[in-house]
Amino acid sequence: MEQDEYAHFFLCTFWDNMESVISYAGENPTIAVTYPRDKELGLISDPIVILQEVTNAKNPFQTD
1 MEQDEYAHFF LCTFWDNMES VISYAGENPT IAVTYPRDKE LGLISDPIVI
51 LQEVTNAKNP FQTD
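Residue numbers (the working numbering): 1 to 64.
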């Protein structure tokens, strides 16, 4: 979605288990991981991450 000079993106990832998430994101995986060059590249991250447990890898956005 575009808003003035900004474009908004939704990113959804699938992880094998919570241990993998914590290994990547740290002990508080609900706080977004950002990178040193994000600001330089004009990337503004929402600091909150929403975690949802799913029981299979079926695309939740695909309707059958």
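Virtual Cβ for every residue (Gly too), placed ideally from N, Cα, C.
- Boundaries for Ala32: no alpha helix (DSSP H) harbours it, and the DSSP string shows neither H nor E there.
- Out of Gly26, Ala25 and Asn17, the CA that lies nearest to the CA of Asn56 is found in Asn17.
- In this structure, the beta-carbon distance from Thr30 to Leu11 does not fall below 8 Å.
- In the structure shown, the three-state DSSP call for Ala57 is coil.
- A direct Cα-Cα distance of roughly 15 Å separates Asp38 from Ala7.
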